[in-house]
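Notes to accompany the following structure.
Number of protein chains: 2
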Amino acid sequence: MIPVVPTRKRPTIRDVAREAGVSYATVSRVLNGREWVSPEAVRSVRDAIARTGYTANPHARSLATGRSGSIAFLLTEPQHLLFSDPNFSVLLRRVAQALSDREQTLILMIAATPEERSRTFNYLSGGHVDGVLLVSPHSGDPLLGHLVRAEVPIVACGRVLGYEQVISSVAADDRSGGRSAAEHLLAAGCRKIAMITGPQDTSGGVDRLQGYTDALIAHGLDIEPARIVHGDWSRESGAAAMRILLDRAPDLDAVFVASDSMAAATLPVLREAGRRVPDDVRVVGFDDTGLAETLDPTLSTVHHPLDRIAEEMVRLLTDVVAGRTPLSITVPTTLVLRESSPAGTDAARPDFRWIGPEPT
Amino acid sequence: MIPVVPTRKRPTIRDVAREAGVSYATVSRVLNGREWVSPEAVRSVRDAIARTGYTANPHARSLATGRSGSIAFLLTEPQHLLFSDPNFSVLLRRVAQALSDREQTLILMIAATPEERSRTFNYLSGGHVDGVLLVSPHSGDPLLGHLVRAEVPIVACGRVLGYEQVISSVAADDRSGGRSAAEHLLAAGCRKIAMITGPQDTSGGVDRLQGYTDALIAHGLDIEPARIVHGDWSRESGAAAMRILLDRAPDLDAVFVASDSMAAATLPVLREAGRRVPDDVRVVGFDDTGLAETLDPTLSTVHHPLDRIAEEMVRLLTDVVAGRTPLSITVPTTLVLRESSPAGTDAARPDFRWIGPEPT
DNA sequence: CACGAAGCTGTAACCGGTCACAGGACGATA
DNA sequence: TATCGTCCTGTGACCGGTTACAGCTTCGTG
Chain A
1 MIPVVPTRKR
11 PTIRDVAREA
21 GVSYATVSRV
31 LNGREWVSPE
41 AVRSVRDAIA
51 RTGYTANPHA
61 RSLATGRSGS
71 IAFLLTEPQH
81 LLFSDPNFSV
91 LLRRVAQALS
101 DREQTLILMI
111 AATPEERSRT
121 FNYLSGGHVD
131 GVLLVSPHSG
141 DPLLGHLVRA
151 EVPIVACGRV
161 LGYEQVISSV
171 AADDRSGGRS
181 AAEHLLAAGC
191 RKIAMITGPQ
201 DTSGGVDRLQ
211 GYTDALIAHG
221 LDIEPARIVH
231 GDWSRESGAA
241 AMRILLDRAP
251 DLDAVFVASD
261 SMAAATLPVL
271 REAGRRVPDD
281 VRVVGFDDTG
291 LAETLDPTLS
301 TVHHPLDRIA
311 EEMVRLLTDV
321 VAGRTPLSIT
331 VPTTLVLRES
341 SPAGTDAARP
351 DFRWIGPEPT
Chain B
1001 MIPVVPTRKR
1011 PTIRDVAREA
1021 GVSYATVSRV
1031 LNGREWVSPE
1041 AVRSVRDAIA
1051 RTGYTANPHA
1061 RSLATGRSGS
1071 IAFLLTEPQH
1081 LLFSDPNFSV
1091 LLRRVAQALS
1101 DREQTLILMI
1111 AATPEERSRT
1121 FNYLSGGHVD
1131 GVLLVSPHSG
1141 DPLLGHLVRA
1151 EVPIVACGRV
1161 LGYEQVISSV
1171 AADDRSGGRS
1181 AAEHLLAAGC
1191 RKIAMITGPQ
1201 DTSGGVDRLQ
1211 GYTDALIAHG
1221 LDIEPARIVH
1231 GDWSRESGAA
1241 AMRILLDRAP
1251 DLDAVFVASD
1261 SMAAATLPVL
1271 REAGRRVPDD
1281 VRVVGFDDTG
1291 LAETLDPTLS
1301 TVHHPLDRIA
1311 EEMVRLLTDV
1321 VAGRTPLSIT
1331 VPTTLVLRES
1341 SPAGTDAARP
1351 DFRWIGPEPT
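If you read the sequences in order, they're chains A and B. The opening residue of the first sequence carries number 1 in this note's numbering; numbering runs sequentially from there. The opening residue of the second sequence carries number 1001 in this note's numbering; numbering runs sequentially from there.
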């Protein structure tokens, strides 16, 4: 009897059991390697699996175990940032890798519009994923409060201001990073150092600024409000901020910019204004995710260790899912010097502890 | 045995049924809106759902229906391209949106290493997703053959050379795009037009080159092999290709580059070589995904309609999952003129049909 | 020799949905 | 009044796994 339509049913655990001459419970035990199973049984089950080409149905498994085996990577930034900011894609890549190593699947959710946000909330709070990785959270976001109330396991990239006690997070040591950038500029002789910050409702935005003020104050300098302009990570905001700075503080001799994207946008503005980089104005960015090397001049910047951050986020989320109390992890940053602010004599100065690689 | 996590029981369909005073089958009917249900029953079920905060368990649903409600977005490019090529992130964003609108979830899979590839194949062929969206497929990839043999529903972005009859695809009209770019350069008076192509095992790489040769031949010009260099979409390959061109064909008066990433990398090379853009050498790219506007000079380029491509891919995949025979869809491109090759007198010429927007 | 423990295996209940099918209520029609 | 069709609802089987529990060997020990 040849079936007209080749009904290609995928083999189930019971097919494997029949093939192996054992019960399906034994097959399950072999698959999960939990309990005592005789070596012969293990072998015949493995053979049967190989012969039938069996793979477990993840939905049946999730239904039985109550775990989904998947986590959500949640982006709440407006879409133009997703495109221009390499941080996202680098982090995404690393997280995907880390999850793949743990046999977990990565569900990408983008919640930019109000509709998407409410759909996203329903999905995440419905227990459809084991946990959520949150990127670049803004503390004012109501979605955060809802997720926390629904007790969804969350790990954020960057501390979530106001939620430090309830949301676990992994962040770069932004404050030290900002401080080392500013100290490098100070050591190079700059005294009128401006800063373009990130949004002040993100930990990265706040801490990098804090590091900058730390360094200036430690060197006995005043913080000049005119030299500080807030950006929103986007290129456009970087260019706009640079124009404001040139207007408000035309005597500046250096700019520390809280992201490479924004820093990249300052270069043409400076060039148009007739300022040479680094001779007239030194520029130091933050991130070092590939963009910095491709600019002209290449950009000195603080390396944002996204590899380790991704790794730690996944590890931490596993803990949080298992019921661990919230925890914040900080990962050290590294200053990388390139053409836009090369190493000067400062490398030899005893008061300057941090030393980056030689400029290329 | 105490469970590790205190599993807060979520309400099930039976809880809702009890609450509403109906059977669970009726609740299911209301949820799926399938069969005849009395208005009162609908109302009381909806009330009960609102009261209990019920959301359906997608795994139970998948198990019962045999559909997973999720599709995989599969990337097979080496990771450095994922970072530098904005095409990926733009497409990803759009696909995510289109899927979200259909209440489907997007599972991101990156198969760069051999391990990841085999894991990915097992996962996809195991029927864990309803279908696969494939980005930038290279025809030599063995993973493709395996997926086709396993009868996994696939829609690719770009035709898959050699698999046109078995893998559905959505592509830009790369050939017309390449042709309009070259025609624009010809109309601007250029006669020694070089080209940096994409990989010749991708339809985009082949077709954009084909469009270029179409235009040159139509104008009675010979195809000079010395003026054609193959790239691999990456910035590095663009810079390298430009150097080769300056060496092999130093008399060139224009370059058509098959991607904006590669085109971006040609600009510093040209500048270093003392060639002014566009005065000495005109440059036209391909993609128009944001990067082109941020370059200096801003880049004339062929707009790659990723919005529509994403939309069509999702639509087409739905059809393929439903059993539709393979189909290739082509979406038109548009030439966008900016500083690197502004519109000339050609716009007025009768033999030049295509006219882009005025340069900014 | 009786008995308990250890090692292994099978049965059955359960996870939370979908859906085929049986059947009840009720009005229309013969 | 009997019969039929339409509308609506409930029961129970099933999807493919996991796991509690019981049962069967086999062996060691008092």
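Idealized CB from N, CA, C, for every residue including glycine.
With at least 16 other beta carbons inside 10 angstroms of its own, A:L185 counts as buried. Your pair B:T1266 and B:A1239 checks out as a contact, with CB atoms roughly 7 angstroms apart and the cut at 8 angstroms.
For a Cβ distance threshold of 7 angstroms, residue set P268 of chain A lies close to B:D1296, ordered along the chain. For A:R282, the three-state secondary structure derived from DSSP is strand. Taking the Cα positions, B:G1274 is about 10 angstroms away from B:V1281. Annotated as proximal: A:Y212 and A:G178, with beta-carbon spacing under 8 angstroms. One thing to note: B:R1094 has its Cβ no nearer than 8 angstroms to the Cβ of B:D1251. Contiguous beta strand (DSSP E) elements confined to the stretch 40-114 of chain A occur at 70-75, 105-110, taking only those with 3 or more residues.
If you draw a straight line from the Cα of A:N57 to the Cα of B:V1255, it is about 52 angstroms long. Counted as a single uninterrupted DSSP element, the stretch harbouring A:S300 is not any alpha helix (DSSP H) but the beta strand (DSSP E) occupying residues 300-303.
If you check the CB distance, A:G162 and A:A171 do not come in under 8 angstroms. Within chain A, no C-beta atom comes nearer than 8 angstroms to that of B:H1184; the closest sits roughly 25 angstroms away. Contact of A:G127 with chain B is assigned, a C-beta pair being separated by under 8 angstroms. In this structure B:Q1104 touches B:G1069 by the C-beta definition: roughly 6 angstroms separates them, less than 8 angstroms. B:L1092 has its alpha-carbon roughly 29 angstroms from the corresponding atom of B:V1229. DSSP, reduced to helix, strand and coil, places B:D1287 within a strand of the structure shown.
Linking B:H1146 to A:R10 through their CA atoms gives a straight-line distance of about 16 angstroms. Within 10 angstroms of the beta-carbon of B:R1102 lie fewer than 16 other beta-carbons, which makes it exposed. DSSP places B:V1257 in no alpha helix (DSSP H) but in the uninterrupted beta strand (DSSP E) bounded by 1254-1257. Of all residues in the stretch 1099-1114 of chain B, only S1100, T1105, L1106, I1107, L1108, I1110 place a beta-carbon less than 7 angstroms from a beta-carbon of chain A. Sequence-distant Cβ neighbours of B:T1333 in its own chain, meaning closer than 8 angstroms and more than five residues away, are A1172, D1173, D1174, S1176, G1177, S1180, V1302, H1303, H1304, P1305. With distances taken between CA atoms, A:E272 lies nearest to B:P1297 out of B:D1260, B:A1249, B:P1297.
Nearest CB-CB separation between B:S1237 and chain A: not below the 8 angstroms threshold.
Identification of chain B residues near A:A60 by a Cβ-Cβ cut-off of 7 angstroms yields L1063, ordered along the chain.
With distances taken between CA atoms, B:V1277 lies nearest to B:S1300 out of B:D1287, B:S1300, B:G1290. The three-state reading of DSSP puts B:G1189 in coil, since its state is none of H, G, I, E or B. With 16 or more other CB atoms across the displayed protein chains lying within 10 angstroms of its CB, A:A292 is buried. DSSP, reduced to helix, strand and coil, places A:S180 within a helical segment of the structure shown.
Here DSSP, grouped into helix, strand and coil, assigns A:G21 to coil.
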